[in-house]
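K.L.:
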Amino acid sequence: MTATLVDGIGELVTNDPAWAAPGQPADVARLGLVTGAALVVESGRILWVGPHDAAPDTDSRIDLGGRAVTPGFVDSHTHLVYAGDRAGEFAARMAGTAYDGGGIATTVRATRAATDDELRALLAARVAEAHRQGTTTLEIKSGYGLSLDDELRLLRLAREVTPHVTFLGAHVVPAEYAADRAAYVDLVTGPMLEAVVEQGAASDLDVFCEPRSAHAFTEEESREILLAGRAAGLRLRVHGNQLGPGPGVRLACKLGAVSVDHCTYLDDADIDALAQSGTVATLLPGVEFSTRHPYPDARRLLAAGVTVALATDCNPGTCNTSSMPFVIALAVRELRMTPAEALYAATAGSAATLGRTARVAAGEPAELAVHDAPHHVHLAYRPGVPLTRVLVV
Ligand code: NIG
Ligand code: FE
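For the sequence shown, our numbering assigns the number 2 to the initial residue and increments by one for each residue that follows.
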């Protein structure tokens with residue numbers, strides 16, 4: 002196999018504290034910046050990282066002409082397997098209609114009616130779209146099937162494109178169970194979960210815990226579903242505190258979830274619970290952008306020492322973007338994260354929720370993004386400009 006030298010890197014973000022320089026603020030130090038850098042890649046693995054002057058000889062060489070290189074983005078929260086479109090719902094929301102999760106039923110109908118090949122083509126296009134914007138790792142949830150066969154079908158399709166697959170049978174209670182919610186919880190925690198585990202269809206389980214939505218799950222229902230998932234050996238994720246204050250965050254922390262996502266409405270007890278647990282707070286500011294909810298208080302979370310991740314939540318209802326650069330720009334402008342904090346959260350923070358690292362170091366996979374920019378600050382400084390692509394070596 003041929004080793005390739007990737008040279009001419011204006012700024013390399015490694016997320017490796019070994020490269021921290023004295024006097025740097027903590028958020029920048031954590032990025033492990035190397036200026037005037039090079040790296041060597043062979044067979045998809047990084048062999049060497051360092052300053053250009055010290056680079057070893059290799060058979061082939063790519064010159065990036067001073068561009069910045071970062072770890073590829075890790076999008077740890079997406080709902081990419083679905084059919085149909087809810088642009089009308091979005092337009093109505095921009096005219097004042099509130100989001101309550103009711104539109105999920107529209108996507109469930111369209112998704113159930115689609116063939117495997119139709120869903121596969123839609124999914125492939127969405128994955129390619131994310132890739133074109135620098136995303137190298139994706140988590141994908143089910144949740145628009147909501148019957149045993151349809152949930153397993155969506156999980157199988159997701160597994161074709163990523164190892165990070167989450168069972169979200171507990172997205173909402175489907176229409177046919179509206180009069181008997183307990184029967185649907187029994188289906189999710191019984192036959193659906195058994196089949197998921199038997200087929201190794203998912204590594205994680207998620208629940209939309211939102212007592213404010215008539216469609217989503219109450220605290221008690223969510224606890225039952227999460228406990229069943231945990232007993233079955235799945236890692237737990239929770240959609241929590243999205244539409245208002247609620248029990249989701251505390252429940253996630255108490256049950257040892259790897260991540261609680263949204264965290265839009267937090268009180269002191271939620272912040273304490275997060276600070277005392279290993280649960281990551283995954284912020285999805287594209288949702289607030291697209292629903293006109295207030296943005297989550299990232300500064301308060303960071304001040305409390307909570308690990309913060311950023312992800313898109315790409316879905317047809319609350320946030321139809323696959324763009325991690327857009328999410329980073331929102332995090333900096335609206336959540337008041339520094340560019341360094343936002344980039345770290347969109348790489349190392351979200352990777353932590355998937356049991357991965359996002360580090361540029363010898364021995365690590367070469368999952369990298371390259372930016373038409375001299376340094377990472379441009380991700381937020383030049384919003385909406387297509388600066389980024391996955392670096393293919
Ligand atoms: O994360 N809140 C629950 N699920 C998605 C929205 C799904 C939809 O509206 O289709 C979310 O926001
Ligand atoms: Fe979501």
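Even glycine gets a Cβ: it sits at the ideal position worked out from N, Cα and C.
Just so we're clear, the structure is a prediction, and the values are computed from it rather than from any experiment.
Which residue spans inside the stretch 209-292 form an unbroken alpha helix (DSSP H) run of at least 4?
P.N.:
Runs of the alpha helix (DSSP H) inside the stretch 209-292: 220-232, 249-255, 269-277 and 286-292.
K.L.:
Return the first residue and the last residue of the alpha helix (DSSP H) that Glu12 is part of.
P.N.:
Segment Thr5 to Val14 is the beta strand (DSSP E) holding Glu12; no alpha helix (DSSP H) there.
K.L.:
Jot down the residue ranges of each uninterrupted beta strand (DSSP E) in the stretch 29-108, minimum 3 residues, whole runs only, in chain order.
P.N.:
34-43, 46-52, 61-72 and 74-76, all fully within the stretch 29-108.
K.L.:
In whole angstroms, what is the alpha-carbon distance linking Asp58 and Ala38?
P.N.:
Roughly 14 Å separates the two Cα atoms.
K.L.:
Hey, is His294 close to the ligand FE, as in C-beta under 8 Å from one of its heavy atoms?
P.N.:
His294 Cβ: outside cutoff for every heavy atom of the ligand FE.
K.L.:
With contact counted as at least three CB pairs below 8 Å, one residue from each stretch, are the stretch 240-251 and the stretch 181-193 in contact?
P.N.:
Because the criterion of three Cβ pairs below 8 Å is not met, the stretch 240-251 and the stretch 181-193 do not touch.
K.L.:
Identify which residue in Val174, Ala4 and Asn316 has its Cα closest to the Cα of Leu48.
P.N.:
Nearest C-alpha to Leu48: Ala4.
K.L.:
Tell me the residue span of the beta strand (DSSP E) that contains Ala310.
P.N.:
Segment Val309 to Leu311, the beta strand (DSSP E) holding Ala310.
K.L.:
Measuring only the C-alpha atoms, how far is Gly33 from Thr15?
P.N.:
If I take the Cα positions, the gap works out to 5 Å.
K.L.:
I want to know whether the stretch 303-319 touches the stretch 67-86 - three or more CB-CB distances under 8 Å.
P.N.:
Yes: at least three Cβ pairs fall under 8 Å.
K.L.:
Can you tell me the Cβ-Cβ gap for Gly146 and Thr98, rounded? I've got them flagged as a contact below 8 Å.
P.N.:
The pair is not a contact, with the Cβ atoms about 26 Å apart (cut-off 8 Å).
K.L.:
Might you give, ordered along the chain, the residues of its own chain that have their beta carbon closer than 6 Å to the beta carbon of Val35, omitting 5 neighbours on each side?
P.N.:
Answer for Val35: Leu13 and Trp20, listed in chain order.
K.L.:
Taking Val239 as the reference, give the member of His172, Ala196, Arg160 and Asp298 with the closest Cα.
P.N.:
Selected option, being the one with the closest Cα: His172.
K.L.:
So, helix, strand or coil for Gly23, using DSSP?
P.N.:
Checking the displayed sequence, the identity of residue 23 turns out to be Pro instead of Gly. Residue state, collapsed to three classes: coil.
K.L.:
By the three-class DSSP mapping on this structure, what secondary structure does Asp187 have?
P.N.:
Note: Asp187 maps to helix in three-state DSSP.
K.L.:
Is the separation between the beta-carbon of Gly241 and that of His263 shorter than 9 Å?
P.N.:
Yes. Within cutoff.
K.L.:
How many Å lie between Gly9 and Ser61 at the Cα?
P.N.:
C-alpha separation (whole angstroms): 14 Å.
K.L.:
Determine the closest residue to Thr1 out of Gly135, Pro175 and Arg157, with distance taken between C-alpha atoms.
P.N.:
Given a span of 2 to 394 for the chain in the structure shown, any question on residue 1 remains unanswerable.
K.L.:
Determine contact between the stretch 208-228 and the stretch 108-128, defined as no fewer than three beta-carbon pairs at a distance below 8 Å.
P.N.:
Flag = no, the stretch 208-228 and the stretch 108-128 do not touch.
K.L.:
Suppose you measure from the CA of Thr136 to the CA of Gly350; what does that come to, to the nearest Å?
P.N.:
Computed Cα separation, rounded: 14 Å.
K.L.:
Compare the C-beta of Glu90 with all C-beta atoms of chain C and state if any pair is closer than 9 Å.
P.N.:
This model lacks chain C altogether; it includes just one protein chain.
K.L.:
Thinking C-alpha only, which one of Arg383, Glu130 and His379 is nearest Val391?
P.N.:
Out of Arg383, Glu130 and His379, Glu130 has the C-alpha closest to the C-alpha of Val391.
K.L.:
Considering only residues of the stretch 328-357, which uninterrupted alpha helix (DSSP H) runs meet the minimum length of 4 residues and lie entirely inside it, listed in chain order?
P.N.:
If we require 4 residues or more, the alpha helix (DSSP H) runs fully inside the stretch 328-357 come out as 340-345.
K.L.:
For Ser204, I'd like the list of residues in its chain whose CB is within less than 8 Å of its CB, leaving aside the five on either flank, ordered along the chain.
P.N.:
Pro164, His165, Val166, Thr167, Leu235 and Arg236, listed in sequence order.
K.L.:
Need the endpoints of the alpha helix (DSSP H) that Ala299 sits in, please.
P.N.:
Segment Ala299 to Ala304, the alpha helix (DSSP H) holding Ala299.
K.L.:
Can you tell me the Cβ-Cβ gap for Glu368 and Pro72, rounded? I've got them flagged as a contact below 8 Å.
P.N.:
7 Å between Cβ atoms; contact.
K.L.:
In chain order, what residues of the same chain lie with their CB nearer than 6 Å to the CB of Ala343, ignoring the 5 residues before and after it?
P.N.:
Excluding sequence neighbours, Ala343 sits near Ile329, Ala332 and Val333.
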